[in-house]
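According to my numbering, the sequence shown is numbered sequentially starting from 960.
Each residue gets a CB set at the ideal place from its N, CA and C atoms; glycine is no exception.
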Amino acid sequence: MNRITNLFQTQKDGILSVYFTAGYPNLNDTASILKALQAKGIHMVEVGIPFSDPMADGPVIQEAATQALRNGMSLHLLFEQLKEIRSEVQIPIILMGYLNPIMQYGFEKFCASCVEAGVDGMIIPDLPYADYIADYKEIADRHDLKMIMLITPETSEERIRLIDAHTSGFIYMVSSAATTGTQQDFNEQKQAYFRRINAMNLQNPRLVGFGISNKATFEAATAHSSGAIIGSKFVQLLKSEATPAEAVDKLLEALKQ
C-alpha cells in the first residue's frame, strides 16, 4: 500500500507534514534531515526540488532554492540521496517541485525514478488540472504515485469536487492566495474557508499549508482538517540551528507557543 494512503488510514487528525528544500543548507543534508524528522515523530515529509523561479514561494524558500542550486543540487542527485536513505526512513516522502525541471527530466522517467527511490507522491504547483487529467494522471497512477493538487480560498466548488474525484492521497489546502511564509494567526475569513471546505464532506483528507508557524496557526489549521504542512518556518530553522535535530526540536517547541 502507498505510504500516504496508509498514513491517512491509520491517523485521522493531528498529522504534521514538514517541507524542506533538497540541498539546503548543505548539498548532502537530505539524509540527516529526513532521519531527524522521522526520529522526532513527524508524520510525512515534502522534499522541495530547487528551481530558479519558484513562483509560489516566499523569500525564505526562494533563498533556500537559490542556495541549493549553487550547492549543486539536481534531480539526479536527489534521487540518489533518497535511494541511499530509504531503508532507514519509513515515513511517506513527497517531492514538491515545479513543472519545468520535471519536464526536462522527463515525466515518465521522473515517475520511474520516484518509485526506485521510494517516493510516494508529488506536488507540482504549476501543473494545470486539465493538463494533469489529459497527460499525466495515467502515468502517475500506473506508478502508484499520488498527485497532490492544491486548492485556495478562490478555488470554485466545482473545481474542488473535480480534484477530489480524480486524485487520491490528500488535498493541499493553501491557507490564502499568496506565497509561502510564516504568519502569527489566521483571521476569521481564513478560518471560515477551512470550515467551508470541511463542510463539503470530500472523500479525500485535507492538510492546510502556507503560513503555519506557531500554536495558534497550527491549531486553527488542524481544527477543520487532518493536519498541517510547515515549510518556511522549518527552512528558517535549518539555517539558524546547528543540526537538523535541533531545528526539528525548535519547530516542535514553536508549535506549543
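Exercise. Which residue's Cα is closest to the Cα of phenylalanine 1169: Asp1094, Pro1084, Lys1096?
Worked result: Nearest of Asp1094, Pro1084, Lys1096 to phenylalanine 1169, Cα basis: Pro1084.
Exercise. Expressed to the nearest angstrom, what Euclidean distance is found between the alpha-carbon atoms of proline 1203 and isoleucine 1050?
Worked result: Straight-line measurement puts the Cα of isoleucine 1050 at about 17 Å from the Cα of proline 1203.
Exercise. So what's alanine 1187 in DSSP terms, helix, strand or just coil?
Worked result: In the structure shown, alanine 1187 adopts extended strand secondary structure according to DSSP, grouped into three states.
Problem set entry | Continuous alpha helix (DSSP H) stretch holding tyrosine 1064: start and end | For tyrosine 1064, the enclosing alpha helix (DSSP H) covers residues 1058-1064.
Exercise. Excluding the five sequence neighbours on either side, which residues of its own chain have a C-beta within less than 6 Å of the C-beta of threonine 964, listed in chain order?
Worked result: Once the five neighbours on either side are set aside, threonine 964 has no close Cβ partner at all.
For this session: Mind checking which residues open and close the alpha helix (DSSP H) that includes leucine 1211?
Result: Run containing leucine 1211: 1203-1213, per the alpha helix (DSSP H) assignment.
Problem set entry | Contact under 8 Å by Cβ, lysine 1192 with proline 984 | No, Cβ-Cβ distance for lysine 1192 and proline 984 is not below 8 Å.
Exercise. Below 8 Å between beta carbons: does that hold for isoleucine 1008 and leucine 1036?
Worked result: Cβ atoms of isoleucine 1008 and leucine 1036: not closer than 8 Å.
Problem set entry | Own chain residues within Cβ distance below 8 Å of glycine 1140, not counting five before or after | Because the pLDDT at glycine 1140 is just 45, under 50, the model does not fix this residue reliably, and the point stays unresolved.
Problem set entry | Strand pairing of threonine 980, partner residues [DSSP] | In the DSSP secondary-structure assignment, threonine 980 is bridged to Gly1007.
For this session: Decide if glutamate 1116 is buried, meaning its Cβ has at least 16 other Cβ atoms within 10 Å, or exposed.
Result: Exposed.
For this session: Starting from the Cα of alanine 1151, find the closest Cα among Phe979, Ile1130, Glu1113 and give me that residue.
Result: Its Cα nearest to that of alanine 1151, the residue Glu1113 stands out among Phe979, Ile1130, Glu1113.
Exercise. How many whole angstroms separate the CB atoms of asparagine 1173 and alanine 1206, which I take to be in contact at a CB cut-off of 8 Å?
Worked result: The Cβ separation is near 16 Å, so there is no contact.
For this session: List the residues that DSSP assigns as beta-bridge partners of valine 1133.
Result: Answer is Gly1168.
Problem set entry | Beta-carbon gap between glutamate 1005 and isoleucine 1082 smaller than 8 Å | Between glutamate 1005 and isoleucine 1082, the gap from beta carbon to beta carbon is short of 8 Å.
Exercise. In the segment 1039-1109, which residue ranges form an unbroken beta strand (DSSP E) of at least 3 residues, counting only runs that do not cross its ends?
Worked result: If we require 3 residues or more, the beta strand (DSSP E) runs fully inside the segment 1039-1109 come out as 1052-1055, 1080-1082, 1105-1107.
Problem set entry | histidine 986 (DSSP reduced to helix, strand or coil) | This sequence places leucine at residue 986; histidine is not what is there. Coil at leucine 986, not helix or strand.
For this session: Tell me whether the beta-carbon of methionine 1032 lies closer than 8 Å to the beta-carbon of leucine 986.
Result: In this structure, leucine 986 lies closer than 8 Å to methionine 1032 by Cβ.
For this session: Could you check if alanine 1179 is buried or exposed, using at least 16 other CB atoms within 10 Å of its CB as the buried criterion?
Result: Per the 10 Å Cβ criterion, buried.
For this session: Please list, in chain order, all residues of the same chain as cysteine 1073 whose beta carbon is under 6 Å from its beta carbon, the five residues on each side excluded.
Result: Contacts found: Leu1104.
Problem set entry | Environment of leucine 1211 [buried if 16+ CB atoms lie within 10 Å] | Exposure of leucine 1211 is indicated by the presence of fewer than 16 other C-beta atoms within 10 angstroms of its C-beta.
Problem set entry | Span separating the alpha-carbon of histidine 1183 from that of arginine 1154 | Taking the straight line joining both Cα atoms gives about 6 Å.
For this session: State the DSSP-derived secondary structure class of isoleucine 1122, mapped to helix, strand or coil.
Result: Isoleucine 1122: helix per DSSP, three-state reduction.
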